[in-house]
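One rule links them: number in the working numbering = place in the sequence shown (from 1) + 26.
Here is the structure we will look at.
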Amino acid sequence: MAGLLFQLQSGIHKKTIHVEHEETISLRDLRQHAYVFLAETYGNEFSSSLHDNVLLYRHDLRSINILQLVSTSADVQDGSLIEIIIGC
């Protein structure tokens, strides 16, 4: 299976994302997947006004700080777990 496979998580909700024919994903596309996931998960409670408050973190169990801020597309690798945080 070619492509990139990763998981999005918000609270207890988790979804597996498969991006076919790509080894990386742009930050813009990653954020778009996160917005769709939040809208599907929380429905009307998640509004477009919260888009600027969404932060994405990668789980890194080898680090002292388990959550690492996703700042480049290289941060998302095959099998990554991306935590979606809504900050205000």
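Quick reminder that beta carbons are idealized off the backbone N, C-alpha and C, glycines included.
Fair warning: this is a prediction, and the values are worked out from it, not measured in the lab.
query: Which residues DSSP lists as bridging VAL45, in chain order; result: LEU30
query: Rounded separation between ASP55 and GLY29 - CA only; result: 14 Å
query: Buried versus exposed call for VAL62 [16 or more other C-beta atoms within 10 Å across all chains shown]; result: exposed
query: Beta carbon of GLY37 nearer than 8 Å to that of LEU81; result: no
query: GLN58 in three-state terms, based on DSSP; result: helix
query: Neighbourhood of ILE51 by C-beta distance below 7 Å, restricted to the same chain and skipping five residues each side; result: LEU30, VAL45, SER99 and VAL102
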